[in-house]
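These notes concern the structure reproduced below.
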Amino acid sequence: MFPFSSFFSSVHISERIRAFREAENHLFEFAKTRFSLHHQDESNHRFELFDTPIHVPSVVKEAAAPCQVHDDAAGANYSLHGVKVINKRLNSLPKEGDPTAATVTSTTRPAPLVLLHGYANGSLYFYRNLMGLSHHFGSVYALDMLGWGLSSRPKFDLLTAEGDDVGNGDDVVGDGKIYVDTKRKVTSAESFFVESLESWRRHHDLPKLTLAGHSMGGYLSVAYAERYPQHVERLILLSPVGVPKRQPEDESRIGSLPLHVRAMIKTARYLFNKGITPGSFLRSLPLSKSKAMVDGYVLNRLPAITCPEERKHLGDYLYQNSMLPGSGEYCLNEILTAG
């Protein structure tokens, strides 16, 4: 694991969690009051934050070890945090003889929408979308994936998958051996998230999901749908990440670039291969510098947010998310591996 991950600020983790919850609550209130469609009545919706106990994924090497930020019972359960929006009108069954009742039935109601966030993000990143989406789905869930947000954050130290469809690796050498090892690492990293999502689904007794994922969440939505297609009614991908197989011409194209660009690419590859994540880099900086970088991201990357108050709370939310001990973020150089 990257050494910068041990350079946490002197601020106690409990203070980080408190600040994170405060920022989350502000975005939660925005979701309920600021971003509804003009014809939507807030009284027809129920919003709630929740924590769902889940089983420890089988790939976690030290299953008995506690979470890094919460007082989870060692070896018992982790938890997934998130927000739920219920559209009471869409979820109500029609009453016999009442022509004004909702016409949605248990057979026509769409499967609950489950939103998976992108890398270094969390469930309340969807705060502007929750009310609007609830107009089309009776139930909307947005989750902090395992290792992010206010969900459990175990150390990302995983067992390598054995006996999968890539063989045992004993009879391959060279590039073939590298492929087998890489495939196993990817499978284990995927299982960390897929198994936790499946445990969450079983806890809520949801036979079918409409699964929507943004960026890294899109990649993991596909991974879940491949393993549990019987539970996915629809799959929605929002700018999903993915890395194609490395091609011979890739290196020649990089070699034709200017020297300073090649140096930047080489540095980025080195950091990537060493497991240095954006979060671990932020945690290595002075607090004022790391906060300024996150605020700059919100300002430049999300220009549609013009309200200073909204911008502040979103910046605080993303900042505290990255400043808590790293967990799910370390999937980066295992999942996003070419080939």
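Using our numbering, the first residue of the sequence shown is number -17, and each one after it goes up by one. Just so you know, even glycine gets a beta-carbon here, dropped at the ideal spot from N, CA and C.
Nearest-angstrom Cα distance between Glu311 and Leu241?
Taking the sequence shown and counting its residues from 1, one reaches residue 311 at position 329. Taking the sequence shown and counting its residues from 1, one reaches residue 241 at position 259. Distance between the alpha carbons of Glu311 and Leu241: 30 Å.
Which residue from Leu128, Phe32, Arg71, Tyr123 puts its Cα closest to that of Pro307?
Counting from one through the sequence shown, the residue named residue 307 turns up at place 325. The residue with the shortest Cα to Cα distance from Pro307 is Leu128.
Tell me which residue opens and which closes the beta strand (DSSP E) that Asp33 is part of.
For the purposes of this step, residue 33 is identified with residue 51 of the sequence shown, where counting begins at 1. Start and end: 27 to 37.
Confirm, please, whether the CB-CB distance from Tyr109 to Lys66 is below 7 Å.
The residue labelled residue 66 in the question sits at position 84 within the sequence shown. The residue labelled residue 109 in the question sits at position 127 within the sequence shown. Cβ distance not < 7 Å, so Lys66 and Tyr109 don't count as in contact.
Do you know whose CA, among Ile36, Phe17, Glu6, Ala46, lies nearest Glu30's CA?
One-based indexing of the sequence shown puts residue 30 at position 48. Ranking Ile36, Phe17, Glu6, Ala46 by Cα distance to Glu30 puts Glu6 first.
Around the C-beta of Gln212, are 16 or more other C-beta atoms found within 10 angstroms, so that it is buried, or is it exposed?
Here the question's residue 212 lines up with position 230 in the sequence shown. Burial call: exposed.
Check whether the segment 90 to 110 touches the segment 34 to 52, taking contact to mean three or more Cβ pairs, one atom from each stretch, closer than 8 Å.
no
Out of Leu239, Leu220, Glu177, Val223, which one is the CA nearest neighbour of Tyr210?
Here residue 210 is taken as the residue at index 228 of the sequence shown, counted from 1. Of the listed residues, the one whose Cα sits closest to Tyr210 is Glu177.
Own chain, CB closer than 6 Å to Pro35, minus 5 neighbours either side, in chain order:
One-based indexing of the sequence shown puts residue 35 at position 53. Excluding residues within five positions, the ones whose Cβ falls inside 6 Å are Asn59, Ser61.
Return yes when the Cβ of Leu106 is within less than 7 Å of the Cβ of Val41, no when it is not.
The residue labelled residue 41 in the question sits at position 59 within the sequence shown. The residue labelled residue 106 in the question sits at position 124 within the sequence shown. No, Cβ-Cβ distance for Val41 and Leu106 is not below 7 Å.
In DSSP terms, what Asn69 is bridged to:
In the sequence shown, counting from the first residue as 1, residue 69 sits at position 87. Note: Asn69 sits in a beta bridge opposite His27.
CA-CA distance, Met305 and Pro226?
Here residue 305 is taken as the residue at index 323 of the sequence shown, counted from 1. Here residue 226 is taken as the residue at index 244 of the sequence shown, counted from 1. If you take the alpha carbons of Met305 and Pro226, they lie about 31 Å apart.
Beta-carbon contacts of Gly100 that lie in its chain and below 6 Å, excluding the five residues immediately before and after
Residue mapping note: residue 100 aligns to position 118 of the sequence shown, counting from 1. Only His196, Ser197, Met198, Gly199 meet the Cβ criterion.
The segment 128 to 139 touching the segment 284 to 294, judged by at least three CB pairs closer than 8 Å
no
For the putative contact between Tyr299 and Leu9, defined by C-beta atoms under 8 Å, what is the C-beta separation to the nearest angstrom?
Counting from 1 along the sequence shown, the entry for residue 299 is found at position 317. Counting from 1 along the sequence shown, the entry for residue 9 is found at position 27. Right, their Cβ atoms sit about 6 Å apart.
Rounded separation between His295 and Arg235 - CA only
On the sequence shown, residue 295 is found 313 positions in, with the first residue counted as 1. On the sequence shown, residue 235 is found 253 positions in, with the first residue counted as 1. Taking the straight line joining both Cα atoms gives about 42 Å.
Can you round the beta-carbon distance between Glu172 and Ala207 to whole angstroms, since I take them to be within the 8 Å contact cut?
The sequence position of residue 172 within the sequence shown is 190, counting from 1. The sequence position of residue 207 within the sequence shown is 225, counting from 1. Their Cβ separation, rounded to whole angstroms, is 12 Å, which puts Glu172 and Ala207 out of contact at 8 Å.
How far does the beta strand (DSSP E) with Glu215 in it reach, from first residue to last?
Stepping through the sequence shown from its first residue, residue 215 is reached at position 233. Note, Glu215: beta strand (DSSP E), 214 to 220.
Identify, in the order they occur along the chain, each residue of the same chain with its Cβ nearer than 6 Å to the Cβ of Asp146, setting aside the five sequence neighbours on each side.
Residue 146 sits at position 164 when you count from the first residue of the sequence shown. Bear in mind that the predicted position of Asp146 carries a pLDDT of just 44, short of 50, making it too unreliable to give a figure here.
Leu97 versus Met246 - alpha carbon distance:
The residue you call residue 97 lines up with position 115 of the sequence shown. The residue you call residue 246 lines up with position 264 of the sequence shown. The straight-line gap from Cα to Cα measures roughly 34 Å.
On the DSSP bridge assignment, give the partners of Asn59 in chain order.
To locate residue 59, count along the sequence shown from 1; it is residue 77. Answer is His37, bridged to Asn59.
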